[in-house]
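Under our numbering, the first residue of the sequence shown is numbered 4, with each subsequent residue one higher.
Note that CB positions come from ideal geometry on N, CA and C, so glycine has one too.
So the structure is just underneath, and the comments pick up after that.
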Amino acid sequence: MNAAVMSHLAAIPATATTAARADFEQIVREHSAMVFSIAWHYLHDRALAEEVAQDVFLQLHRDLDRVEDAGHVKHWLRRVATHRCIDQVRARKTRAQVALEDAPPLAAVEREADPLMSRLLQRLVASLPPQARMMIVLRYQEEMDPMEIAETLGIPARTVRTRLHRALHLLREKAARQQREVNS
């Protein structure tokens, strides 16, 4: 993804100052893993995740003057990435099967865990409805607290907590169903 965005940088008009161009390139380097991680963990399709990440950074370049300050960039990128992922799911209607061996490295630090349980959990999360999946990805993969998720999605924090609760309940139900099938 990084190379694709960087190749588009070459096409940026010379009207962009060297400093602005360097700042943008630094933002891409610092945040590309996070944006790609959100997209991949939501879409489970490497090509679509790369496309979403590229679109997010191209939109950032177009709207850079609307980003209030450096601290706002990460929030802005998360919000746009989240909405682009939701748009992708709406556009393609059918869910793709996840190739777990194609999973990219996580942007957040991974905890030591049983690899079989990790794959099972990835499959279970991938099978959740889009809204529930986004809640789980933002809360547990991107390690955002409910207030950050609320700001990112533009919804009340209480709604985030309710959706997280429902998503976790659904995830537990799916895990229990999976366990019953294995034990049968």
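So residue i and residue j are in contact, right, with Cβ under 8 Å, and what is the actual spacing, rounded?
i      : j      : result
Ala52  : Ala42  : 4 Å
Val31  : Gln62  : Between Gln62 and Val31 the Cβ distance is about 12 Å, and since that is not below 8 Å, they are no contact.
His64  : Ala129 : Not confirmed; about 31 Å, so no contact.
Gln134 : Arg166 : 7 Å
Arg87  : Val59  : 6 Å
Thr85  : Met137 : 6 Å
To the nearest angstrom, how far is it from the Cα of residue i to the Cα of residue j?
i      : j      : result
His44  : Gln91  : 13 Å
Ala14  : Arg161 : Confidence is the limiting factor: at Ala14 the pLDDT is only 46, short of 50, which leaves the residue's position unreliable, though a coordinate-based value still follows. Those two C-alpha atoms are separated by around 44 Å.
His168 : Met150 : 15 Å
Ser121 : Leu127 : 10 Å
Leu173 : Ala94  : 24 Å
Gln57  : Asn186 : 44 Å
Ala178 : His75  : 37 Å
Glu176 : Gln29  : 43 Å
Glu184 : Thr155 : 37 Å
Ser40  : Pro159 : 24 Å
Leu67  : Ile89  : 22 Å
Leu27  : Gly157 : It is Phe, not Leu, that sits at residue 27 in the sequence shown. Rounded to the nearest angstrom, the two C-alpha atoms are 25 Å apart.
Leu171 : Glu33  : 31 Å
Ala36  : Lys77  : 12 Å
Gln125 : Ala153 : 24 Å
Taking 9 Å as the threshold (C-beta atoms), are residue j and residue i in contact?
i      : j      : result
Leu80  : Val38  : yes
Leu123 : Gln181 : yes
Do three or more CB pairs link the stretch 132-149 to the stretch 56-71 at distances below 8 Å? no
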